[in-house]
Amino acid sequence: MQIHRVVRELVTTKRNFWLAAKSLRVVEDHKGNLEVALDPIGAKPGDFVVTIGVSAARIAAGNPKITTDLTIGGIIDHWDEARWRS
Amino acid sequence: MKICQVEGTLVATARIGSLENRRLLVVKERGSSGKQVAVDPVGCKPGDWVIAVGSSAARDAAGSKDYPSDLTIVGIIDYWDESGERAGVKADANPPRRA
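Protein chains in written order, with our numbering: chain A, 1 to 86; chain B, 101 to 199.
Rendered as structure tokens:
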């Protein structure tokens with residue numbers, strides 16, 4: 001699992017059937033690389049989150065048929081940018 | 101499996117239900133700069149060197165096939181000397197011969 005920061009929401013109306021109506025977020029890692037993660041929790045921009053990758057991401061989405069390779073697993077209570085970048 | 105050093109506990113109260121109340125640790129993989137988060141079913145302390153499994157083996161290692169983990173700690177390394185690691189490998193490869 002990795003530590004990401006939520007950048008913003010992402011809206012895709014026309015989408016793969018197995019993405020269902022799950023909400024998506026743009027997240028960045030400590031180097032500033034952007035990725036898109038499925039969000040079952042409801043994280044807000046600026047929140048530091050734990051993201052789950054590979055096949056575990058599909059289980060974390062609540063249904064193994066959901067086509068995702070990155071899912072937000074939790075919102076981190078205390079985290080700061082200096083610790084993240086170091 | 102990856103060799104990682106434990107940095108500390110990670111508190112995430114708002115989490116998906118399937119993660120349950122398992123302990124999450126921030127770990128640093130040996131030889132890489134970025135931090136990762138691992139599920140800890142073993143019970144590690146900060147500073148411990150551990151081995152961690154990834155991909156679908158991480159799900160089994162966390163206790164069940166339906167547990168959403170992509171990195172799970174499977175063991176604490178008894179002895180790992182980071183500074184003298186290279187020298188240690190050499191010494192093991194060519195053990196001193198005794199008559």
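Ideal placement from N, C-alpha and C gives every residue a C-beta, glycine not left out.
*Does the ligand ATP have even one heavy atom less than 7 angstroms from the beta-carbon of A/V11?*
Among the components of this structure there are no ligands whatsoever, and the ligand ATP is therefore not found.
*Ignore the nearest five residues each way along the sequence and tell me which others in B/K128's own chain have a CB closer than 7 angstroms to its CB.*
Locating residue 128 of chain B in the second sequence gives position 28, where the first residue counts as 1. For B/K128, where only same-chain residues beyond five positions count, the Cβ hits under 7 angstroms are C104, Q105, E107, K135.
*Would you say A/P45 reaches chain B, if we count a Cβ-Cβ gap shorter than 8 angstroms as a contact?*
As a position in the first sequence, residue 45 of chain A is number 45, starting the count at 1. Not one chain B Cβ lies under 8 angstroms of A/P45.
*Taking only the alpha-carbon atoms, compute the straight-line gap between B/G147 and B/A138 and give it to the nearest angstrom.*
Along the second sequence, read from residue 1 onward, the residue named residue 147 of chain B stands at position 47. Along the second sequence, read from residue 1 onward, the residue named residue 138 of chain B stands at position 38. If you take the alpha carbons of B/G147 and B/A138, they lie about 14 angstroms apart.
*asked:* Output needed for B/W180: all residues of its chain with C-beta closer than 8 angstroms, excluding positions within five of it in sequence on either side, in chain order.
replied: What you label residue 180 of chain B is simply residue 80 of the second sequence in a count that begins at 1. Contacts found: I103, W149.
_Looking at B/P168: is its Cβ nearer than 8 angstroms to the Cβ of A/I59?_
Along the second sequence, read from residue 1 onward, the residue named residue 168 of chain B stands at position 68. Along the first sequence, read from residue 1 onward, the residue named residue 59 of chain A stands at position 59. In this structure, B/P168 sits near A/I59, with a CB-CB distance shorter than 8 angstroms.
*Could you check if A/F48 is buried or exposed, using at least 16 other CB atoms within 10 Å of its CB as the buried criterion?*
Within the first sequence, the letter at position 48 stands for residue 48 of chain A. Burial call: buried.
_C-alpha distance - B/T113 paired with A/S55, whole-angstrom precision_ = Walking along the second sequence from the start, residue 113 of chain B turns up at place 13. Walking along the first sequence from the start, residue 55 of chain A turns up at place 55. Distance between the alpha carbons of B/T113 and A/S55: 23 angstroms.
*Among B/V153, B/L110, B/S133, which has the Cα closest to the Cα of B/K145?*
Counted from its first residue, the second sequence places residue 145 of chain B at position 45. The shortest Cα separation from B/K145 among B/V153, B/L110, B/S133 belongs to B/L110.
*Taking A/I59 as part of the alpha helix (DSSP H), name the residues at either end of that continuous run.*
For the purposes of this step, residue 59 of chain A is taken as residue 59 along the first sequence, with counting starting at 1. A/I59 -> alpha helix (DSSP H) spans 56–60.
*Mind checking if B/K135 is an interface residue toward chain A, Cβ cutoff 8 angstroms exclusive?*
Locating residue 135 of chain B in the second sequence gives position 35, counting from the first residue. Interface residue, yes.
*Mind checking which residues open and close the beta strand (DSSP E) that includes B/E107?*
The residue you call residue 107 of chain B lines up with position 7 of the second sequence. Per DSSP, B/E107 belongs to the beta strand (DSSP E) from 102–110.
*According to the neighbour-count rule (16 or more other Cβ atoms, all chains shown, within 10 Å of its Cβ), is B/A187 buried or exposed?*
As a first step, residue 187 of chain B must be located in the second sequence, where it is residue number 87. Any reading at B/A187 is ruled out, since the residue's pLDDT is 44, under 50, leaving its predicted position unreliable.
*Taking 8 angstroms as the cut-off, decide whether the C-beta atoms of B/A152 and B/I177 are in contact.*
As a first step, residue 152 of chain B must be located in the second sequence, where it is residue number 52. As a first step, residue 177 of chain B must be located in the second sequence, where it is residue number 77. Going by C-beta atoms, B/A152 is not nearer than 8 angstroms to B/I177.
_In this structure, how does DSSP classify B/A114 when only helix, strand and coil are distinguished?_
One-based indexing of the second sequence puts residue 114 of chain B at position 14. In this structure, B/A114 counts as strand in the three-state DSSP scheme.
*Between A/L70 and A/G53, which are expected to be in contact by the criterion C-beta below 8 angstroms, what is the C-beta distance as a whole number of angstroms?*
Here residue 70 of chain A refers to the residue found at position 70 when the first sequence is read from its first residue. Here residue 53 of chain A refers to the residue found at position 53 when the first sequence is read from its first residue. 6 angstroms between Cβ atoms; contact.
_Residues from the segment 105–119 of chain B in contact with chain A, defined by Cβ distance under 7 angstroms_ = L110, V111, A112, T113, A114, R115, I116, S118, L119
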